[in-house]
Every structure is written in structure tokens, then in C-alpha cells.
Amino acid sequence: METKIIIATHKPYWVPDDPVYFPVQMGHAIHPDIGYTGDDTGENISAKNPNFCELTGLYWAVHNVDADFLGLVHYRRYFASRHHRFASKKQRVISGAELNEILQHTNVILPRERHYYIETNYTQYIHAHHKRDLTTTRSIIQRKCPEYLPAYDLYMSKTHGHHFNMFIMRKELLEHYSAWLFDILFELERELDISHYSDNDKRVFGFVSERLLDAWLITNRITYQELDIVYLEPQHWLRKGTAFLRRKLFPKQQEG
Numbered sequence: 003m004e005t006k007i008i009i010a011t012h013k014p015y016w017v018p019d020d021p022v023y024f025p026v027q028m029g030h031a032i033h034p035d036i037g038y039t040g041d042d043t044g045e046n047i048s049a050k051n052p053n054f055c056e057l058t059g060l061y062w063a064v065h066n067v068d069a070d071f072l073g074l075v076h077y078r079r080y081f082a083s084r085h086h087r088f089a090s091k092k093q094r095v096i097s098g099a100e101l102n103e104i105l106q107h108t109n110v111i112l113p114r115e116r117h118y119y120i121e122t123n124y125t126q127y128i129h130a131h132h133k134r135d136l137t138t139t140r141s142i143i144q145r146k147c148p149e150y151l152p153a154y155d156l157y158m159s160k161t162h163g164h165h166f167n168m169f170i171m172r173k174e175l176l177e178h179y180s181a182w183l184f185d186i187l188f189e190l191e192r193e194l195d196i197s198h199y200s201d202n203d204k205r206v207f208g209f210v211s212e213r214l215l216d217a218w219l220i221t222n223r224i225t226y227q228e229l230d231i232v233y234l235e236p237q238h239w240l241r242k243g244t245a246f247l248r249r250k251l252f253p254k255q256q257e258g
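Its first residue numbered 3, the sequence shown is counted upward by one per residue in my numbering.
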């Protein structure tokens with residue numbers, strides 16, 4: 003069994019010394035080379051990186067990497083080992099050997115769900131971004147694949163979900179998910195006018211994709227195992243909490 007996990011990155015950074023991992027430069031087609039494999043060989047959407055974020059790496063991996071299991075993590079965010087909870091951050095990054103043990107018993111590994119508690123997934127998004135992103139996405143799902151709409155609505159009503167665009171899947175499953183995901187996102191790209199969006203909000207297709215994974219999992223009855231996340235950089239919880247409350251109290255001016 004072969005497992006490959008790409009590390010989505012845009013700058014040189016520490017990489018685990020484990021053959022299961024390999025760093026891939028996101029947006030290599032439009033950014034200076036930093037010495038890693040680029041996401042712009044073979045079939046790719048590398049030039050869309052400013053709007054699709056790490057999804058350009060996902061698209062590239064699905065179309066160009068041969069492995070039994072494929073995964074996506076981030077240069078400063080990894081799945082955590084179950085056995086080294088009190089080690090240093092780098093030592094807590096899960097090894098390929100431990101991952102392969104887990105993958106003997108599941109086809110999908112996900113990060114533990116993120117909880118908003120006082121927000122639903124829907125209200126959290128529209129307070130931070132643009133409401134039309136989600137209303138247009140819902141319309142596309144209703145039109146193109148209505149069997150996913152109940153799960154999409156259920157997810158939006160919850161206060162928790164699987165975010166971060168981090169996962170490891172059997173390649174056949176990831177191909178299925180990727181085909182479904184990009185079919186929706188490319189249609190959203192055609193329908194959504196983002197010319198007036200801020201640079202951050204122009205990352206819309208990456209943001210929306212995080213809100214689609216659970217709809218796919220639920221509809222297809224995909225079982226999975228969850229792992230903790232290890233963050234290699236400090237988490238500024240006070241800053242994040244303040245920003246969260248600011249968005250809650252002073253949300254973006256919403257469109258119809």
C-alpha cells in the first residue's frame with residue numbers, strides 16, 4: 003500500500019523527514035520558484051491559485067500522483083500522532099507508518115470537527131465573507147446534483163463541521179470527491195462576480211470548498227476516522243476570538 007501526502011505551501015518551510023510527505027508549491031505557474039515540486043505540471047489549474055488556494059494542489063495531485071491513498075495537509079498544519087501527545091510540535095506530526103496502520107481500517111482520515119458553538123456554519127460564513135457565495139453555491143447544487151441538497155442544508159444548520167481542506171482518502175474516493183467538488187466550483191466561478199471582492203474574499207472557492215466536504219460525506223455515507231491537528235506555529239486565540247466577535251457584531255454588509 004502506497005500513501006502520498008502533499009504539503010501545500012507557498013514558501014520554504016520545515017518538512018517532515020518521512021517519505022510519505024512531499025511539499026508542493028501552490029500557484030507555481032504564477033509565482034517565483036521556491037525549489038519544490040510545482041502544481042503546474044500535467045493537468046493542472048495552478049494559475050487559479052489566488053482564488054482556489056490549496057485546491058490547486060489537490061487538483062494537481064488527483065490528476066498527476068499515483069498512489070493507493072492521497073492526502074492534503076498544509077505547511078504549518080498536520081495531522082497529529084496518537085502516540086506522542088506530549089512531544090514537541092514537530093515530533094507530534096504523524097508518521098507514514100502510523101498513518102498506514104490507521105488506513106488498514108478506514109478509507110478516509112479527517113481532522114476533528116471545528117466547533118463554532120454560537121454560530122452555525124452558515125452564519126459564520128456570511129458574517130466573515132459574502133452571502134451570495136453560499137446562495138449561489140446552493141442554487142448550483144440544487145440544479146446540478148439535487149441529491150446533495152439535504153446534506154448541504156443540514157451541514158449549514160450545524161454549529162460544527164470538517165474544515166481546513168485536510169484529508170487522506172483512498173484515491174478512488176478522492177477522485178470521486180474531486181470531480182464532484184470541482185464541477186460545482188467551476189460553475190460557481192462562472193456565475194460569481196468577484197471583481198469587487200477584497201484579496202482575501204477572492205479566495206472564495208477555497209473557502210466554499212471547506213463547506214462542501216461534509217455534504218459529500220453525508221450523501222455518500224462515507225465513514226472516516228478523525229485525528230487531532232498539530233499547528234506548527236502559535237495560535238493567536240485572543241486575536242482570533244476578537245475577530246470572531248467583531249464579525250458577529252459587525253457583519254459584512256450583505257447582498258440579497
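The beta-carbon is built from N, C-alpha and C at its ideal position, and this holds for glycine as well. Keep in mind the model is a prediction, meaning the values are calculated, not measured.
So for residue i, helix, strand or coil by DSSP?
{"i": "arginine 172", "result": "strand"}
{"i": "phenylalanine 207", "result": "helix"}
{"i": "glutamine 106", "result": "coil"}
{"i": "lysine 160", "result": "coil"}
{"i": "valine 64", "result": "helix"}
{"i": "alanine 69", "result": "coil"}
{"i": "proline 25", "result": "strand"}
{"i": "alanine 82", "result": "strand"}
Buried or exposed: which applies to residue i, given that a residue is buried once 16 or more other Cβ atoms fall within 10 Å of its Cβ?
{"i": "phenylalanine 88", "result": "exposed"}
{"i": "tyrosine 150", "result": "buried"}
{"i": "glutamate 212", "result": "buried"}
{"i": "tryptophan 218", "result": "buried"}
{"i": "leucine 16", "result": "It is tryptophan, not leucine, that sits at residue 16 in the sequence shown. When all chains shown are included, tryptophan 16 counts as exposed."}
{"i": "serine 197", "result": "exposed"}
{"i": "glutamate 56", "result": "buried"}
{"i": "aspartate 41", "result": "buried"}
{"i": "alanine 181", "result": "exposed"}
Looking only at its chain, what residues have a beta carbon closer than 8 Å to the beta carbon of residue i, apart from the 5 residues adjacent to it on each side?
{"i": "threonine 137", "result": "none"}
{"i": "tyrosine 233", "result": "Arg78, Arg79 and Lys91"}
Return the bridge partner residues of residue i from the DSSP annotation.
{"i": "lysine 50", "result": "Looking at the DSSP assignment, lysine 50 forms no beta bridge with any residue, so it has no partner."}
{"i": "proline 113", "result": "Leu229"}
{"i": "lysine 13", "result": "Lysine 13 pairs with nothing; no bridge assigned."}
In chain order, what residues of the same chain lie with their CB nearer than 6 Å to the CB of residue i, ignoring the 5 residues before and after it?
{"i": "isoleucine 32", "result": "Ala49"}
{"i": "glutamine 255", "result": "Confidence is the limiting factor: at glutamine 255 the pLDDT is only 49, short of 50, which leaves the residue's position unreliable, though a coordinate-based value still follows. Excluding residues within five positions, none has a Cβ falling inside 6 Å."}
{"i": "isoleucine 143", "result": "Tyr150, Leu151 and Tyr154"}
{"i": "tyrosine 210", "result": "Note on identity: in this sequence residue 210 is valine, with tyrosine being the wrong assignment. Excluding sequence neighbours, valine 210 sits near Asp135 and Thr139."}
{"i": "asparagine 51", "result": "Met28, Gly29 and Thr58"}
Tell me which same chain residues have a C-beta within less than 7 Å of the C-beta of residue i, skipping the five on either side of it?
{"i": "threonine 43", "result": "Asn66"}
{"i": "glutamate 115", "result": "His162, Gly163 and His164"}
{"i": "isoleucine 36", "result": "Lys13, Pro14 and Gln27"}
{"i": "tyrosine 38", "result": "Thr11, Pro25, Val26 and Gln27"}
- Query: Is it a yes or a no for the stretch 81-93 touching the stretch 197-214, going by three-plus beta-carbon pairs under 8 Å?
  - Reply: Contact between the stretch 81-93 and the stretch 197-214 is absent, because fewer than three Cβ pairs lie under 8 Å.
- Item | Any 3 or more C-beta pairs closer than 8 Å across the stretch 126-146 and the stretch 168-175 | The stretch 126-146 makes no contact with the stretch 168-175, as fewer than three CB pairs between them are under 8 Å.
- Examine the Cβ distances between the stretch 218-230 and the stretch 104-114 and report whether three or more of them are shorter than 8 Å. Between the stretch 218-230 and the stretch 104-114, the count of C-beta pairs closer than 8 Å reaches three or more; the two stretches touch.
- Three or more C-beta pairs below 8 Å linking the stretch 112-128 and the stretch 157-167: Three or more beta-carbon pairs drawn from the stretch 112-128 and the stretch 157-167 are found closer than 8 Å, and the two stretches are therefore classed as touching.
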